[in-house]
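Peer 1: Shown below is the structure under consideration.
Numbering (UniProt numbering), first residue to last: 1 to 710.
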């Protein structure tokens, strides 16, 4: 235990929580039922990088074998919420391992997986611990069978090393690559290691002597500079040999390499001039990345010269700021290294922010940085571990159609992480989805209704429409006929009266075309209802036809004005009861003759059939004073934080006073609202309804009662 505290430089008096975590990890090493505990070694990998105390504590407690002993809740209680959150994130990342070997051969799948792990990381320290754990796993890989060695190494080289590279974690990246290379290409690895080792002392002595000569040259010119040798790693050497077609290490020009760091750009070119004057430059081996930066923003001067004894030496010259940018600050540097451009733009911008933070902040500062990786996509898994990327907010149904169109057509339900969910369930990063299917394809027309939330993807809706388009035309016509009949019956509208309007509205020439479009979903119920609503309003606004004396009264109502809830509309007084200004009245919507106004006590009104009573509307005399209309509404909508605020804002815009409001959230994510408002007589109810109905997320709006108040 004392050795562990010393190795991690832990002072129990100043760092009691860190000492407590070290004690727990140390005790776990001696528990026979736990197995191999690597968390102490993980902490030892991270400590030299200068990470903060919270990261070290998380590392000490991160091993998967410790989960049964210390739950996230127990850790949060003992070490605080921050540690509990970090450990929960690391444990979630630890769930993704042992990927299908076929996946590792598919670059598209690999890129999806890398991006999924990135967007799941709410705190970079979680990913640091995961990468350090992978290094420890590789260091012990020799204890495993050969097939396990190759699989873990392939996972690391294709998934985790690129992640370290993207975040600018060079010290972790090179060890991940070299250890993986050892198990994937053991013969090549050890041959290169022997070739490098055979002349290492000679090469290091040569580079050291060259550095001293260069240092003296710069000092004589009065130039202050830092000069270092540039370390070479076996995997990067092999990759360069592959690119250049070399068979042996000695064929590379830059095995002997130095870097020169100065304070400003002008001095970079001054050093270059001195170098080229003192040593002969190799033709075609000079690159000016300061004047012409790489697409990833990298800047430096590269040259190769013939040094002492005729041996070639690569020299890189850059400012200190350029070096920091090259090592930590180039967000898109990984693209150049990996030759990949599949990342989405929002994720790229998020990575840029991460790398910009790392330019000026040490790893110990990561906990204080408000940095999270964002994306316009989500990444979910199939039962076989295949990664599927979808637009953010995509549903289970979108997932099914993304896998295969036929699978989408046959979808009837889904399991997400083993739990049954509705088809409207919005998927989250890292979730595993299993689609439940029927034997035969049976898409539902409701899937096309955007207000029901079955799909967020235009591509999914296009596939559903295509299925309906391919169905038998007669079946579509029959289904469309039934849909139209049911809708018209609910509204008590005659088909022959409204048909010309519908054909005109949808730019169709014949009824069968309309029925076919309805049947296959090209015209949905929402569009049909909107068209019928316009027709009803148009009928109410039509000027009155030549009225017979038996129908219309000619009395002292001339000059009076009647107002409906939707505003002033054309009207005429019924002769049967001859309503007078000031007495209670009711309106009857006629077919083609506007509104007939009756006395509220008119026998003809009181004896109307149920179907005819649907044509009655509230009306009142406009000269009865300002007054208000009390309106009770029922609203069904998708639950949203701003919904109530938006509803109240629309009411205020119409000068409507909210008298009562109640809401109830349903299990499926919808909310039911009862709203009572007092609307000034001068404000049309129809306008208020329009403003409320077209709020984002509103599914259904219904007027349950209206009552006029003086």
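In this text, a Cβ means the ideal position worked out from N, Cα and C, and glycines have one as well.
(1) Apart from the five residues just before and just after residue 535, which ones in its own chain have a Cβ nearer than 7 Å to its Cβ?
(2) For the alpha helix (DSSP H) that residue 398 lies in, which residues bound it at each end?
(3) Note down the Cα distance separating residue 636 from residue 458, rounded to an integer number of angstroms.
(4) Under a three-way DSSP split, which group does residue 676 fall into?
(5) Nearest CA to the CA of residue 90: which residue from 74, 131, 78, 68?
(6) Whose C-alpha, out of 399, 409, 483, is nearest the C-alpha of residue 426?
(7) Would you mind giving the Cβ-Cβ distance between residue 23 and residue 39, rounded to the nearest angstrom? I have them listed as a contact below 8 Å.
(8) Would you say residue 84 reaches chain C, if we count a Cβ-Cβ gap shorter than 8 Å as a contact?
(9) Between which residues of its own chain and residue 661 is the CB-CB distance below 6 Å, once the five residues before and five after are set aside?
(10) Nearest CA to the CA of residue 76: which residue from 63, 93, 57?
(11) Is residue 392 closer than 8 Å to residue 403 when the C-beta atoms are compared?
(12) Can you name, in chain order, every residue of its own chain whose Cβ lies under 7 Å from the Cβ of residue 239, other than the five neighbours on each side?
(13) CA-CA distance, residue 475 and residue 441?
(14) Answer with buried or exposed for residue 401, where buried requires no fewer than 16 other C-beta atoms within 10 angstroms of its C-beta.
(15) Express the C-alpha separation of residue 65 and residue 72 in angstroms, rounding to a whole number.
(16) Specify the secondary structure class of residue 38 as computed by DSSP and reduced to three states.
(17) Would you give the residue range spanned by the beta strand (DSSP E) that residue 312 belongs to?
(18) From this set, 431, 68, 260, which residue's C-alpha is nearest residue 217's C-alpha?
(19) Cα separation between residue 551 and residue 612?
(20) Per DSSP, what kind of secondary structure is residue 413 in: helix, strand or coil?
(21) Mark residue 314 as exposed unless 16 or more other C-beta atoms lie within 10 angstroms of its C-beta, in which case mark it buried.
(22) According to DSSP, simplified to helix, strand and coil, what is residue 189?
(23) Based on the DSSP secondary-structure assignment, which residues constitute the bridge partners of residue 585?
(24) Can you tell me the Cβ-Cβ gap for residue 654 and residue 691, rounded? I've got them flagged as a contact below 8 Å.
(25) Thinking C-alpha only, which one of 109, 101, 63 is nearest residue 88?
(26) Would you call the segment 511–526 and the segment 445–452 touching, i.e. three or more CB-CB distances under 8 Å?
(27) Is residue 124 near residue 180, with beta carbons less than 8 Å apart?
(28) Measuring straight from C-alpha to C-alpha, what distance separates residue 237 and residue 284?
(29) What are the residues that DSSP puts in a beta bridge with residue 638?
(30) Return yes when the Cβ of residue 638 is within less than 8 Å of the Cβ of residue 670, no when it is not.
(31) Kindly indicate which three-state DSSP category residue 261 falls into: helix, strand or coil?
(32) If distances are taken between C-alpha atoms only, which option among 288, 234, 267, 666 comes closest to residue 320?
(33) Between residue 299 and the rest of its own chain, which residues show a CB-CB distance below 6 Å, the 5 nearest in sequence each way excluded?
(34) For residue 405 and residue 384, I'd like the C-alpha separation in whole angstroms.
(35) Where does residue 302 fall in DSSP's three states?
(36) In whole angstroms, what is the alpha-carbon distance linking residue 530 and residue 607?
Peer 2: Per the coordinate set shown:
(1) As a working note, residue 535 is residue 535 in the chain shown. Excluding five sequence positions before and after residue 535, the CB atoms of its chain that fall closer than 7 Å to its own CB belong to 498, 501, given in chain order.
(2) On the chain shown, position 398 is the one that residue 398 refers to. Bounds of the alpha helix (DSSP H) holding residue 398 are 396–403.
(3) Locating residue 636 in the chain shown gives position 636, counting from the first residue. Locating residue 458 in the chain shown gives position 458, counting from the first residue. Between the alpha carbons of residue 636 and residue 458 lies a distance of about 24 Å.
(4) Counted from its first residue, the chain shown places residue 676 at position 676. Residue state, collapsed to three classes: strand.
(5) The residue you call residue 90 lines up with position 90 of the chain shown. In terms of Cα proximity to residue 90, the closest of 74, 131, 78, 68 is 131.
(6) Numbered from 1 along the chain shown, position 426 holds the residue referred to as residue 426. Taking only the C-alpha atoms, the option nearest residue 426 is 399.
(7) Stepping through the chain shown from its first residue, residue 23 is reached at position 23. Stepping through the chain shown from its first residue, residue 39 is reached at position 39. The beta carbons of residue 23 and residue 39 sit about 12 Å from each other, so the pair does not count as a contact at 8 Å.
(8) Among the protein chains of the structure shown there is no chain C, as only one such chain exists.
(9) As a working note, residue 661 is residue 661 in the chain shown. Only 675 meet the Cβ criterion.
(10) As a position in the chain shown, residue 76 is number 76, starting the count at 1. For the residues 63, 93, 57, the minimum Cα distance to residue 76 belongs to 57.
(11) The sequence position of residue 403 within the chain shown is 403, counting from 1. The sequence position of residue 392 within the chain shown is 392, counting from 1. Not closer than 8 Å, so no.
(12) Counted from its first residue, the chain shown places residue 239 at position 239. Contacts found: none.
(13) Counting from 1 along the chain shown, the entry for residue 475 is found at position 475. Counting from 1 along the chain shown, the entry for residue 441 is found at position 441. Distance between the alpha carbons of residue 475 and residue 441 is about 15 Å.
(14) Sequence index remark: in the chain shown, residue 401 carries index 401 (1-based). Burial is judged here by how many other beta carbons sit within 10 angstroms of a residue's own beta carbon; residue 401 has at least 16 and is buried.
(15) Walking along the chain shown from the start, residue 72 turns up at place 72. Walking along the chain shown from the start, residue 65 turns up at place 65. The alpha-carbon atoms of residue 72 and residue 65 are separated by roughly 13 Å.
(16) Along the chain shown, one-based indexing puts residue 38 at 38. When secondary structure is reduced to three states using DSSP, residue 38 falls in the coil class, being assigned neither helix nor strand.
(17) Residue 312 sits at position 312 when you count from the first residue of the chain shown. Taken as a continuous stretch (DSSP letters only), the beta strand (DSSP E) holding residue 312 covers 312–319.
(18) Reading the chain shown from its first residue, position 217 is the one you call residue 217. Selected option, being the one with the closest Cα: 260.
(19) The residue labelled residue 551 in the question sits at position 551 within the chain shown. The residue labelled residue 612 in the question sits at position 612 within the chain shown. Because the pLDDT at residue 551 is just 39, under 50, the model does not fix this residue reliably, and the value given afterwards should be weighed accordingly. One Cα belongs to residue 551, the other to residue 612, and the distance between them is close to 17 Å.
(20) If you number the chain shown from 1, residue 413 lands on position 413. It is a strand residue.
(21) If you number the chain shown from 1, residue 314 lands on position 314. Label assigned to residue 314: buried.
(22) For the purposes of this step, residue 189 is taken as residue 189 along the chain shown, with counting starting at 1. Note: residue 189 maps to helix in three-state DSSP.
(23) Position 585 of the chain shown, counted from the start, is the residue given in the question as residue 585. Per DSSP, the beta-bridge partners of residue 585 are 599.
(24) The sequence position of residue 654 within the chain shown is 654, counting from 1. The sequence position of residue 691 within the chain shown is 691, counting from 1. Indeed they touch by this definition, with Cβ atoms about 7 Å apart.
(25) Counting from 1 along the chain shown, the entry for residue 88 is found at position 88. Per the Cα distances, 63.
(26) As far as the Cβ criterion goes, the segment 511–526 touches the segment 445–452, which means the pair count is three or higher.
(27) Working through the chain shown from its first residue, we reach residue 124 at position 124. Working through the chain shown from its first residue, we reach residue 180 at position 180. If you check the CB distance, residue 124 and residue 180 do not come in under 8 Å.
(28) The residue labelled residue 237 in the question sits at position 237 within the chain shown. The residue labelled residue 284 in the question sits at position 284 within the chain shown. Looking at the two C-alpha atoms, the distance is approximately 20 Å.
(29) Working through the chain shown from its first residue, we reach residue 638 at position 638. Under DSSP, residue 638 shares a beta bridge with 670.
(30) Here residue 670 refers to the residue found at position 670 when the chain shown is read from its first residue. Here residue 638 refers to the residue found at position 638 when the chain shown is read from its first residue. Result yes, Cβ atoms of residue 670 and residue 638 sit closer than 8 Å.
(31) Within the chain shown, the letter at position 261 stands for residue 261. Strand at residue 261.
(32) By one-based count along the chain shown, residue 320 stands at place 320. Measuring C-alpha to C-alpha distances from residue 320 to each of 288, 234, 267, 666 identifies 267 as the nearest.
(33) Within the chain shown, residue 299 is the residue found at index 299, counting from 1. Answer for residue 299: 289, 290, 293, 322, listed in chain order.
(34) The residue you call residue 405 lines up with position 405 of the chain shown. The residue you call residue 384 lines up with position 384 of the chain shown. So the alpha carbons of these two residues sit roughly 19 Å apart.
(35) Here residue 302 refers to the residue found at position 302 of the chain shown. Taken through DSSP and simplified to helix, strand or coil, residue 302 comes out as strand.
(36) Within the chain shown, numbered from 1, the residue matching residue 530 stands at position 530. Within the chain shown, numbered from 1, the residue matching residue 607 stands at position 607. One C-alpha to the other measures close to 31 Å.
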